[in-house]
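Note sheet for the following structure.
Numbering (my numbering), first residue to last: 24 to 119.
Put into structure tokens, the structure is as follows:
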């Protein structure tokens, strides 16, 4: 059922007002969209789990590398801050 190009079957029904016919037609289109979504979800759920696991392992390795680089960057910034703060103290202690 192609809902976007189909004609409203409720339009000429004798016991429905035009508003009721339009509401029923919108519900019918919504129902078809939900059915399509369910079908696509089932298709996705039936995919091979091994492929998904392999992709997740690759992602996990990349995230581990990003975490390591982030930690190194934070350590570098903290080291630079402590180095820039301590040479003033060291110059005073070297003169004594």
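The beta carbon of each residue, even a glycine, is placed where N, CA and C say it ideally should be.
Span separating the alpha-carbon of residue i from that of residue j
i: residue 34; j: residue 42; result: 9 Å
i: residue 32; j: residue 47; result: 9 Å
i: residue 82; j: residue 44; result: 50 Å
i: residue 57; j: residue 67; result: 15 Å
i: residue 90; j: residue 70; result: 30 Å
i: residue 109; j: residue 99; result: 15 Å
Residue span of the alpha helix (DSSP H) that contains residue i, given as start and end
i: residue 69; result: No alpha helix (DSSP H) holds residue 69; DSSP gives it neither H nor E.
Other residues of its chain near residue i: CB distance less than 6 Å, five sequence neighbours each side excluded
i: residue 107; result: none
Other residues of its chain near residue i: CB distance less than 7 Å, five sequence neighbours each side excluded
i: residue 36; result: 44
Residues of its chain near residue i, where Cβ-Cβ distance is below 8 Å and the 5 sequence neighbours each way are ignored
i: residue 39; result: 33, 47
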